[in-house]
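In what follows, a structure is listed as structure tokens, so that the remarks can point back to it.
Residue numbers (my numbering): 1 to 465.
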């Protein structure tokens, strides 16, 4: 039962990894903490329920990571996927802090699994949660509850009262009743607006109707909107987002990781005009998978089709939906409702342009095309071995990059440039401070974990003062 007469040191709005890291770290610093999660308990955790790993710097092999992954290589990887659209100070801070935050998460009860093998190429760079994101979320909730964090579900914040850069109270509905929540500081960790189709349409137009939302349907962006309306400085391109190509038959919301397709590097991708439109083998998949949602979103009807032959069938995890198969490209075109002559010509031209070489699915192998536009830079092998398999692709939106601007202490900046008195942010709601475009596998969890712990400590310190 919510007690409206109580005033907390820290109010955390959100219920995913970043919010939980903030709540726990604030309690570690001695603050009284209330956490408001808009989802029901069964669906708590936001997009963190669907995650599986965290990209982390480390200097030597561990029981959960192979080799080493140092700051400069991590930074270079991020620089390439963002095209330089990032804040180097904040980004490098996140990179360095991941070395600390992984053992901190383990201390909170999060279990990690031994390093993976296979085609994902992540055993050296990413620490995987044992049991995935749901296990991560459950572990952090258990720790938060034991630490004395007051948690409310079905608790939706509608408005954050801000006066001259100072948070004074939050207006919320908790368990169906309107409430005023008072705290000395606030940490906003409630994600972006990716589940708000109306807001997406402001930037994408009618194309947004064809987007599928990989994560929680509760990410409506209400907290972000009220912060911006209250004078917090915006950051990030509203048209940019973490968007991957997922199976076009996935549900509108909450399909999660199971809907993702990893077959793209090993075949070709065509639009509904049966033509290729981008280099499928530009780089290793963890550094390029997140560009494909945006690429598909730019195609007619926001749909595309990934096609492989029998040689590639064992190289990627299968979709949860049945593959579409045929003994010839022409027959496959008919099943996909594509123009058969055009698809046959596309495959014929691709096959003729392939240059043989030592194919290696786990490395940049240089198997490429010549004289083809667009080219395929790696893993280019002719599609010449029946049976042929296809999967429909749609843009799968994970989170949006428009957010609030923060500094190194996770303190929100106001539109006039000064720091907010007692407002902090962590996770997707501030990720645009670091991600201008593109994405690197596991980096969202790195941002959320690092800034969550920083925001919790900063809020607790501010509350004491």
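Heads up, the beta-carbon is just placed ideally off N, CA and C, and yes, glycines get one too.
Unbroken alpha helix (DSSP H) run spanning residue i, endpoints
i, result
"residue 138", "132-147"
"residue 18", "17-28"
"residue 81", "71-82"
"residue 350", "340-353"
"residue 90", "88-107"
"residue 200", "197-204"
"residue 450", "443-464"
Distance, residue j Cα to residue i Cα
i, j, result
"residue 314", "residue 337", "26 Å"
"residue 249", "residue 156", "30 Å"
"residue 273", "residue 433", "37 Å"
"residue 367", "residue 242", "28 Å"
"residue 286", "residue 447", "17 Å"
"residue 77", "residue 97", "17 Å"
"residue 352", "residue 382", "8 Å"
"residue 50", "residue 244", "14 Å"
"residue 255", "residue 213", "7 Å"
"residue 193", "residue 350", "39 Å"
"residue 460", "residue 30", "7 Å"
"residue 310", "residue 385", "6 Å"
"residue 445", "residue 136", "11 Å"
"residue 225", "residue 333", "44 Å"
"residue 452", "residue 188", "10 Å"
"residue 119", "residue 265", "Because the pLDDT of residue 119 is 45, which lies under 50, any placement of that residue in the model is unreliable, and the question is left without a value."
"residue 19", "residue 365", "41 Å"
"residue 55", "residue 126", "4 Å"
"residue 324", "residue 79", "37 Å"
"residue 429", "residue 342", "44 Å"
"residue 2", "residue 182", "12 Å"
Which residues DSSP lists as bridging residue i, in chain order
i, result
"residue 388", "326"
"residue 163", "166"
"residue 127", "54"
"residue 171", "159, 180"
"residue 232", "414"
"residue 369", "354"
Under 8 Å between C-beta atoms of residue i and residue j
i, j, result
"residue 16", "residue 427", "yes"
"residue 458", "residue 411", "yes"
"residue 205", "residue 402", "no"
"residue 307", "residue 270", "yes"
"residue 394", "residue 196", "no"
"residue 305", "residue 247", "no"
"residue 69", "residue 6", "no"
"residue 140", "residue 128", "no"
"residue 355", "residue 331", "no"
"residue 143", "residue 24", "yes"
"residue 379", "residue 358", "no"
"residue 437", "residue 220", "no"
"residue 190", "residue 13", "yes"
"residue 170", "residue 317", "no"
"residue 398", "residue 185", "no"
"residue 75", "residue 91", "yes"
"residue 64", "residue 113", "yes"
Cβ neighbour criterion (16 or more within 10 Å) applied to residue i
i, result
"residue 83", "exposed"
"residue 47", "buried"
"residue 327", "exposed"
"residue 8", "buried"
"residue 465", "exposed"
"residue 58", "buried"
"residue 177", "exposed"
"residue 52", "buried"
"residue 88", "exposed"
"residue 175", "exposed"
"residue 279", "buried"
"residue 262", "buried"
"residue 252", "exposed"
"residue 4", "exposed"
"residue 329", "buried"
"residue 222", "buried"
"residue 415", "exposed"
"residue 42", "exposed"
"residue 455", "buried"
"residue 376", "buried"
"residue 392", "buried"
"residue 172", "buried"
Opening and closing residue of the beta strand (DSSP E) in which residue i lies
i, result
"residue 8", "7-13"
"residue 179", "177-188"
"residue 246", "241-247"
"residue 295", "Unbroken run through residue 295 is the alpha helix (DSSP H), 292-297; no beta strand (DSSP E)."
"residue 307", "304-308"
"residue 36", "33-36"
"residue 150", "150-152"
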